[in-house]
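>
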Amino acid sequence: MLLKEIFKQTVDELSHADVFHGHGVEIAEDEVVLLLMSVLDVDFVELNEMTNTAINSPQQAKIQAVLQQRIQQKIPMAYLVGFSVFAGLKFKIDERALIPRSPFVELIDSGFMPWVDLSKPAKVMDLCTGSGCIGLAIAHYFSQCQVDLVDLSAAALELAKENTAQLELDSQCHVIQSDLFDSMAGQYDLIVTNPPYVAEEEYVALPQEYSHEPKMALVSRFQGMEIPVKILFQAPDYLSDDGYLFLEVGYNDQVLSEILPEVAFNWIDFTVGGQGICVFSRSDLLKYRESFKQFLEKHVA
Ligand SMILES: C[S@@+](CC[C@H](N)C(=O)[O-])C[C@H]1O[C@@H](n2cnc3c(N)ncnc32)[C@H](O)[C@@H]1O
Numbered sequence: 013m014l015l016k017e018i019f020k021q022t023v024d025e026l027s028h029a030d031v032f033h034g035h036g037v038e039i040a041e042d043e044v045v046l047l048l049m050s051v052l053d054v055d056f057v058e059l060n061e062m063t064n065t066a067i068n069s070p071q072q073a074k075i076q077a078v079l080q081q082r083i084q085q086k087i088p089m090a091y092l093v094g095f096s097v098f099a100g101l102k103f104k105i106d107e108r109a110l111i112p113r114s115p116f117v118e119l120i121d122s123g124f125m126p127w128v129d130l131s132k133p134a135k136v137m138d139l140c141t142g143s144g145c146i147g148l149a150i151a152h153y154f155s156q157c158q159v160d161l162v163d164l165s166a167a168a169l170e171l172a173k174e175n176t177a178q179l180e181l182d183s184q185c186h187v188i189q190s191d192l193f194d195s196m197a198g199q200y201d202l203i204v205t206n207p208p209y210v211a212e213e214e215y216v217a218l219p220q221e222y223s224h225e226p227k228m229a230l231v232s233r234f235q236g237m238e239i240p241v242k243i244l245f246q247a248p249d250y251l252s253d254d255g256y257l258f259l260e261v262g263y264n265d266q267v268l269s270e271i272l273p274e275v276a277f278n279w280i281d282f283t284v285g286g287q288g289i290c291v292f293s294r295s296d297l298l299k300y301r302e303s304f305k306q307f308l309e310k311h312v313a
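Counted the way our numbering counts, the sequence shown spans residues 13 to 313.
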């Protein structure tokens, strides 16, 4: 069979299967592209040039085997093929960390303008870094940045370190194990964070694909908001006077606004898709510090 025939047949089968797309790719076609790149060991450009290439029987069998794992075990495609593309970069991905899919990609694309100027030397912290995707993409595109990749999970940090080496960013990026800011010191010009923000009740109702991701990457107590509010409370101690915090809470943006009604949130508008990243200057975080403190005293032991 020719590649174009295999592509169509595989997309048909995946489209009619009871699977959830949304772990870095939104549609069956894109999942099949990842699958074919992996089995044929080619990049995207090479794959596009192979439309009329004959695919041999062992390769066809491999494609079918991975497809059946995807459909029957509901394992996200990125875990099956071992990689994911984020901000135009290829990351090694496995079940040690969440699959990259953050709208931070659009902020990286625009260089976090007008809030910070990453063309000048800057100290950046990617808190809750997982695979390292956000911090490593910042380091790749802004060579003046020094980036600390911070996570509580030793397993996720191993993967972040492997991605640092794969992207040849060892001179700019360092992994640090820390429970939020507990082991951190110094001041950062930019803190970016995509922390866990899913409530336990929401987590149990998620499609089966999510059960393959580390639970600690997703779930946070008190309507998902315990970790995000802790970050809002602690961040000003780790920001320079002109520094900014960008915090992602995804579809729970309304929840965060509602539990802190006195806080004026500045939610970023995205053109390509995604939602739920707010931005705070250090001075605004200090202005609202008492509200964050009261929330934590009331709801967090
Ligand atoms: C939603 S994932 C984000 C991963 C990555 N930044 C991304 O966007 O793909 C959240 C990450 O927070 C980490 N995490 C959970 N609790 C933490 C804590 N108390 N301190 C530091 N990191 C934590 C998890 O291990 C996980 O890697």
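The beta carbon of each residue, even a glycine, is placed where N, CA and C say it ideally should be.
Does ligand 1 have a heavy atom nearer than 8 Å to the CB of Pro226?
yes
> List the DSSP bridge partners of Trp127.
DSSP lists no partner for Trp127.
> For the candidate residues Gly142, Ile67 and Met137, whose alpha-carbon lies nearest to that of Ser165?
Gly142
> Scan the segment 56-127 and note each continuous alpha helix (DSSP H) run of 4 residues or more that stays entirely inside, going in chain order.
56-60, 69-85, 89-93 and 116-121
> Would you say the beta carbon of Asn264 is closer than 8 Å to some non-hydrogen atom of ligand 1?
no
> Just grab the DSSP bridge partners of Asp163 for me.
Gln189.
> Between which two residues does the beta strand (DSSP E) containing Ala134 stretch?
Counting along the chain, the beta strand (DSSP E) containing Ala134 begins and ends at Ala134 to Leu139.
> So Tyr250 packs on Tyr200, CB below 8 Å; how close in whole Å?
6 Å
> Decide if Gly255 is buried, meaning its Cβ has at least 16 other Cβ atoms within 10 Å, or exposed.
buried
> Exposed or buried, what is Ala211 when buried is set at 16 or more other beta-carbons lying within 10 Å of its beta-carbon?
Taking all protein chains in view, the Cβ of Ala211 is crowded by 16 or more other Cβ atoms within 10 Å, so the residue is classified as buried.
> Considering just the uninterrupted stretch of the alpha helix (DSSP H) at Thr22, what are its terminal residues?
Leu15 to Ser27
> Does the Cβ-Cβ distance between Cys290 and Phe277 come in under 9 Å?
yes
> Please classify Thr63 as buried or exposed, where buried requires at least 16 neighbouring CB atoms within 10 angstroms.
exposed
> Taking three-plus beta-carbon pairs below 8 Å as touching, is the segment 201-208 in contact with the segment 263-272?
no
> Just list the residues that DSSP pairs Leu202 with in beta bridges.
Val136 and Tyr256
> CB-CB under 6 Å to Phe98, same chain, minus the five flanking residues each way: which ones, in chain order?
Excluding positions up to five away in sequence, the list reads Pro112 and Cys145.
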